[in-house]
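Below is the structure:
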């Protein structure tokens with residue numbers, strides 16, 4: 037594959053997204069770019085090459101993040117950064133992540149062409165990994181930027197084929213000091229633009245969402261062990277049926293989630309039943325619970341409630357319950373000053389805009405823990421994401437680029 | 037393997053069961069004898085050979101059922117038959133089916149040795165198939181005896197490897213007229229003795245259960261289609277979550293099953309969730325429902341209730357529901373005269389005995405639709421069945437053989 041873009045920037049953001057979606061295109065019309073695979077490497081090289089041709093100083097860091105820089109006239113230690121990630125889930129959409137990278141490139145190009153050298157240095161970053169789709173780890177790109185992760189953390193995680201993150205990284209030429217370290221300490225603002233992946237903007241009709249905070253989340257794997265038995269010969273009163281018990285737990289938890297202040301989102305997305313036969317009372321049911329809220333206090337209190345509901349219902353039915361909280365991420369509020377500047381920028385452009393909580397995790401969440409960060413959302417058609425059906429219209433993508441460009445101008449010029 | 041039994045009948049029923057369990061012994065200590073496999077054929081030949089050595093006239097029929105006959109002095113068209121099946125589930129127990137065949141053989145042997153030629157002809161049958169574990173079809177043995185099935189029905193069903201029932205049957209020498217047709221019209225009584233596979237006798241302490249009726253059953257596969265979406269970005273109020281909906285349906289159905297007269301048994305044993313990921317609201321959930329009751333009227337009414345509950349809850353939530361009733365078997369009451377004779381026999385022997393509904397299906401259910409039939413149960417330790425852990429003590433097995441022998445005496449001498 038030719039690493040030089042086949043469409044020129046003049047065609048605008050929608051065509052730019054089509055161009056990048058060639059790298060790792062899936063037969064179903066989606067994109068698969070898993071960290072440190074050939075499709076991913078081809079895409080990062082193509083992005084870097086395109087950044088060069090747009091006139092930015094480009095560089096890799098030692099985990100494979102790609103930067104394009106417009107050096108400022110005043111300071112070099114006070115960087116205004118924009119960007120997102122280019123990795124995808126398996127057969128994901130063209131917009132998730134890619135939009136933020138390409139919109140940042142277009143914004144910097146336009147600022148350079150219109151206003152010349154900025155006061156503060158502007159950078160656009162194509163982060164290497166956010167989705168956690170190949171290795172059991174997320175935010176490898178932004179986590180190395182903030183120092184949350186270090187190279188040594190690559191030793192353990194392995195992909196489905198048993199290849200370690202470290203081996204995959206080395207194979208691509210990263211992780212051995214050939215490039216500068218990923219850790220940054222010089223970021224004064226990070227702006228990430230992204231598709232919403234939800235229905236809020238589409239339903240309200242707003243063109244831009246300004247994120248107030250990225251929800252925290254906890255994930256659990258609940259295992260209920262009952263007593264396997266014959267469906268025909270076991271009296272209802274002697275059953276220890278973990279599927280009936282899990283049904284009652286899910287009903288109770290969904291009802292209690294609905295009582296929380298503002299919205300607590302609760303999802304049971306995964307459930308496995310053993311032995312999973314129509315005429316056998318199950319012995320064992322495992323199911324996941326994912327809870328999200330923008331306030332840590334609410335998450336903490338709901339955690340206690342969740343544990344007590346599961347224990348209470350299971351004990352009553354003689355079912356053994358094991359609750360494994362395998363993920364806990366605190367909410368990250370966006371920077372107030374950046375948020376206000378984003379709202380003002382939209383208002384000045386007479387673009388309909390609303391404040392929104394991000395229920396999904398993003399690189400801005402990782403970076404926002406260390407540096408001032410904010411996020412802009414554009415609508416997602418039908419709220420669909422992580423799917424070849426992911427779509428945002430060219431007009432809506434353009435509006436996003438315009439707000440991003442003007443916001444970066446406000447911050448850097 | 038030597039087809040001659042390695043243990044002699046004088047060792048009693050428990051040793052006899054150990055002997056037959058060699059054929060198709062599984063590494064886990066269970067038995068796997070699937071219809072028309074080598075292990076199954078070896079076992080049928082061994083049973084036939086053992087029947088001969090006990091002094092019975094033996095024969096195959098054209099589907100592979102094996103008969104041992106003690107011809108009566110009075111009539112040849114008024115057969116008293118006992119027996120069960122020798123096929124098993126994968127890694128099943130030693131007792132299920134086998135006990136009924138071997139107990140029948142011991143009973144006839146004892147009657148012959150003690151009382152000589154019966155008035156009515158006595159037969160013991162080792163039916164070829166009851167479990168439906170290899171082909172998607174149950175009661176191939178007894179169904180051919182009653183004429184419910186005919187040879188032509190073997191053309192369609194195939195096993196997991198794509199081998200048709202017909203091909204497997206022909207390969208073993210059956211289905212081509214080498215033996216007499218399986219269809220019988222001359223049975224005046226069929227008595228099947230079997231392990232209970234439930235906890236009723238163990239909990240009550242009775243040694244013998246006399247079956248009053250074999251429960252009817254209906255099985256359903258319910259498919260709920262909702263809307264796949266992101267767990268973090270989709271507001272609770274806009275979700276169409278088929279897993280939450282199925283939980284509510286299961287709760288409601290279990291509650292309503294509990295309201296039925298006597299006990300309606302309802303089991304959801306199987307559930308598959310798509311795409312089955314912790315952070316994705318499921319698009320689709322499929323689950324099975326198995327309902328059993330001894331009265332057809334109750335099953336019919338509950339069917340209507342079940343459909344209305346599923347439709348009502350799904351409609352309310354905007355979920356598309358498809359209900360596939362893929363199995364419907366009517367209850368079969370056991371013959372009143374035979375049942376009374378069985379109860380009387382137990383009482384005469386001062387054996388503790390109770391009337392019991394069979395929640396599991398049995399050959400006596402198929403045969404009982406055409407000929408007078410009844411069943412005797414012995415206790416199952418822990419109610420466990422279809423497992424290497426299936427167990428009934430030698431003492432309890434012996435008590436069963438004694439009641440069966442005396443009942444056959446009452447009927448045939």
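Residue numbers (my numbering), protein chains in the order written: chain G, 37 to 449; chain W, 37 to 449. Ideal Cβ positions, reconstructed from N, Cα and C, are used throughout, including at glycine. If you're wondering where the values come from, they're calculated on a predicted model, not measured in any experiment.
Quiz prompt | Extent of the continuous beta strand (DSSP E) run through residue 121/G | solution = To locate residue 121/G, count along the first chain from 1; it is residue 85. Unbroken beta strand (DSSP E) run through residue 121/G: 111-121.
Quiz item: Is the Cβ-Cβ distance between residue 300/W and residue 325/W less than 8 Å?
Solution: Within the second chain, the letter at position 264 stands for residue 300/W. Within the second chain, the letter at position 289 stands for residue 325/W. Result no, Cβ atoms of residue 300/W and residue 325/W do not sit closer than 8 Å.
Quiz item: What is the rounded straight-line gap between the Cα of residue 303/W and the Cα of residue 136/W?
Solution: Residue 303/W sits at position 267 when you count from the first residue of the second chain. Residue 136/W sits at position 100 when you count from the first residue of the second chain. When rounded, the separation of the alpha-carbon atoms in residue 303/W and residue 136/W is 27 Å.
Quiz item: Is the region 178-189 of chain W close to the region 66-82 of chain W, with three or more CB pairs under 8 Å?
Solution: With a cut-off of 8 Å, the region 66-82 of chain W and the region 178-189 of chain W do not count as touching, because too few Cβ pairs lie within range.
Quiz item: Where does residue 110/W land, buried or exposed, given buried means 16+ other C-beta within 10 angstroms?
Solution: On the second chain, position 74 is the one that residue 110/W refers to. Its Cβ having fewer than 16 others within 10 Å, residue 110/W is exposed.
Quiz item: Between residue 306/W and chain G, is there a C-beta pair that is closer than 8 Å?
Solution: Translated into the one-based positions of the second chain, residue 306/W becomes position 270. Judged by the 8 Å Cβ criterion, residue 306/W is in contact with chain G.
Quiz item: So which residues of chain W does residue 286/G contact, with C-beta pairs closer than 8 Å?
Solution: Looking up residue 286/G in the first chain gives position 250. Those within 8 Å of residue 286/G in chain W are 279, 280 and 283.
Quiz item: chain G partners of residue 29/W, CB-CB under 7 Å?
Solution: This structure gives no information on residue 29/W, because the portion of chain W shown stretches from 37 to 449.
Exercise. Kindly indicate which residue of 342/W, 91/W and 306/W has the alpha-carbon position closest to the one of residue 322/G.
Key: Position 286 of the first chain holds residue 322/G. Closest by alpha carbon: 306/W.
Quiz item: Of all the residues that make up the region 172-194 of chain W, which are near chain G by a beta-carbon distance shorter than 8 Å?
Solution: Cβ contacts with chain G come from no residue of the region 172-194 of chain W.
Quiz item: According to the neighbour-count rule (16 or more other Cβ atoms, all chains shown, within 10 Å of its Cβ), is residue 99/G buried or exposed?
Solution: Here residue 99/G refers to the residue found at position 63 when the first chain is read from its first residue. So residue 99/G ends up on the buried side.
Practice problem: Determine the burial state of residue 415/W: buried for a count of at least 16 other Cβ atoms within 10 Å of its Cβ, exposed for fewer. | Solution: Numbered from 1 along the second chain, position 379 holds the residue referred to as residue 415/W. Answer is buried; the Cβ neighbour count reaches 16.
Quiz item: Apart from the five residues just before and just after residue 230/W, which ones in its own chain have a Cβ nearer than 7 Å to its Cβ?
Solution: Within the second chain, numbered from 1, the residue matching residue 230/W stands at position 194. Within the same chain, residue 230/W has close Cβ partners 120, 135, 136, 398, 411 and 413.
Quiz prompt | When 308/G, 312/G, 232/G and 297/G are compared against residue 332/G, the one with the closest alpha-carbon | solution = For the purposes of this step, residue 332/G is taken as the residue at position 296 of the first chain. Relative to residue 332/G, the option among 308/G, 312/G, 232/G and 297/G whose CA is nearest is 297/G.
Quiz item: Where do the N-terminal and C-terminal ends of the beta strand (DSSP E) with residue 363/W fall, by residue?
Solution: Working through the second chain from its first residue, we reach residue 363/W at position 327. Note, residue 363/W: beta strand (DSSP E), 356-365.
Quiz item: residue 235/G touches chain W at which residues, Cβ-Cβ below 9 Å?
Solution: Position 199 of the first chain, counting from 1, holds the residue named residue 235/G. Below the 9 Å Cβ cutoff, chain W contributes 265, 269, 270, 271 and 274 as neighbours of residue 235/G, in chain order.
Quiz item: Can the beta-carbon of residue 61/G be found less than 8 Å from the beta-carbon of residue 437/G?
Solution: Indexing the first chain from 1 puts residue 61/G at position 25. Indexing the first chain from 1 puts residue 437/G at position 401. Going by C-beta atoms, residue 61/G is not nearer than 8 Å to residue 437/G.
Exercise. Can you give me the Cβ contacts of residue 37/W inside the same chain, cut-off strictly under 6 Å, excluding the 5 residues immediately before and after it?
Key: As a working note, residue 37/W is residue 1 in the second chain. Model confidence at residue 37/W stands at a pLDDT of 39, short of 50, so the residue's coordinates are unreliable and nothing is read from them.
Quiz item: Should residue 313/W be flagged as near chain B, meaning a C-beta pair shorter than 8 Å?
Solution: Although the question refers to chain B, the structure presented lacks it and instead comprises the protein chains G and W.
Quiz item: If you check the beta carbons only, do residue 317/G and residue 267/G fall under 8 Å apart?
Solution: As a first step, residue 317/G must be located in the first chain, where it is residue number 281. As a first step, residue 267/G must be located in the first chain, where it is residue number 231. Judged by beta-carbon spacing, residue 267/G lies within the 8 Å limit of residue 317/G, meaning their Cβ atoms are closer than that value.
Practice problem: Mind reading off the beta-carbon distance from residue 143/G to residue 444/G? Whole number of angstroms is fine, and I expect it under 8 Å. | Solution: For the purposes of this step, residue 143/G is taken as the residue at position 107 of the first chain. For the purposes of this step, residue 444/G is taken as the residue at position 408 of the first chain. About 6 Å separates the two Cβ atoms, so the contact holds.
Self-check item: Interface positions of the region 320-352 of chain W facing chain G (Cβ-Cβ less than 7 Å), listed along the chain
Solution: Answer set for the region 320-352 of chain W: 324, 326 and 328.
Quiz item: First and last residue of the beta strand (DSSP E) that includes residue 326/G?
Solution: Locating residue 326/G in the first chain gives position 290, where the first residue counts as 1. That run of the beta strand (DSSP E) goes 320-329.
Practice problem: Check the Cβ-Cβ distances between residue 249/G and every residue of chain W, and say whether any is below 8 Å. | Solution: Position 213 of the first chain holds residue 249/G. No, its Cβ sits nowhere closer than 8 Å to a Cβ of chain W.
Quiz item: Beta-carbon of residue 40/W versus every beta-carbon of chain G: anything under 8 Å?
Solution: Translated into the one-based positions of the second chain, residue 40/W becomes position 4. Only weak support is given to the placement of residue 40/W: the predicted model assigns it a pLDDT of 42, under 50, and the value that follows is read from those uncertain coordinates. Not closer than 8 Å to any Cβ of chain G, the Cβ of residue 40/W fails to qualify, so no.
Self-check item: Beta-carbon contacts of residue 39/W that lie in its chain and below 6 Å, excluding the five residues immediately before and after
Solution: As a working mapping, residue 39/W is identified with position 3 in the second chain. Confidence at residue 39/W is low in this model, with a pLDDT of 43, below 50, so its placement is unreliable and the value that follows should be read with caution. Hits under 6 Å: 81, 82 and 85.
Quiz item: Across which residues does DSSP place residue 104/G in a beta bridge pair?
Solution: For the purposes of this step, residue 104/G is identified with residue 68 of the first chain, where counting begins at 1. Beta-bridge pairing links residue 104/G to 94/G and 160/G.
Self-check item: Contact set for residue 44/G: own chain, Cβ-Cβ below 8 Å, skip 5 residues either direction
Solution: Working through the first chain from its first residue, we reach residue 44/G at position 8. Note that residue 44/G has pLDDT 44, beneath the 50 cutoff, so the model's placement of it is unreliable and the number below is only indicative. Here the set comprises nothing.
Quiz item: residue 357/G versus chain W: which residues are under 9 Å apart at the beta carbon?
Solution: Residue numbering aside, residue 357/G sits at position 321 when the first chain is read from its first letter. Those do not exist, as residue 357/G stays about 16 Å from chain W at its closest Cβ, beyond 9 Å.
Quiz prompt | residue 87/W, enclosing alpha helix (DSSP H) - first and last residue | solution = Here residue 87/W is taken as the residue at index 51 of the second chain, counted from 1. 74-89 is the span of the alpha helix (DSSP H), which, as asked, contains residue 87/W.
Practice problem: Quick one: give me the first and last residue of the beta strand (DSSP E) that residue 313/W is part of. | Solution: As a working mapping, residue 313/W is identified with position 277 in the second chain. It is not in any beta strand (DSSP E) - residue 313/W carries neither H nor E in the DSSP assignment.
Quiz item: In chain order, what residues of the region 422-440 of chain G put their CB closer than 9 Å to some CB of chain W?
Solution: Along the region 422-440 of chain G, the positions whose C-beta sits under 9 Å from a C-beta of chain W are 422 and 423, read in chain order.
Quiz item: Out of curiosity, what's the CA-to-CA distance linking residue 204/G and residue 59/G?
Solution: What you label residue 204/G is simply residue 168 of the first chain in a count that begins at 1. What you label residue 59/G is simply residue 23 of the first chain in a count that begins at 1. If I take the Cα positions, the gap works out to 19 Å.
Quiz item: Going along chain W, which residues have a C-beta under 8 Å from residue 396/G?
Solution: Within the first chain, the letter at position 360 stands for residue 396/G. Near residue 396/G (Cβ distances below 8 Å), the residues of chain W are 266, 268 and 269.
Practice problem: With a 10 Å radius around its C-beta and 16 neighbouring C-beta atoms as the bar for buried, classify residue 50/W as buried or exposed. | Solution: Position 14 of the second chain, counted from the start, is the residue given in the question as residue 50/W. Per the 10 Å Cβ criterion, buried.
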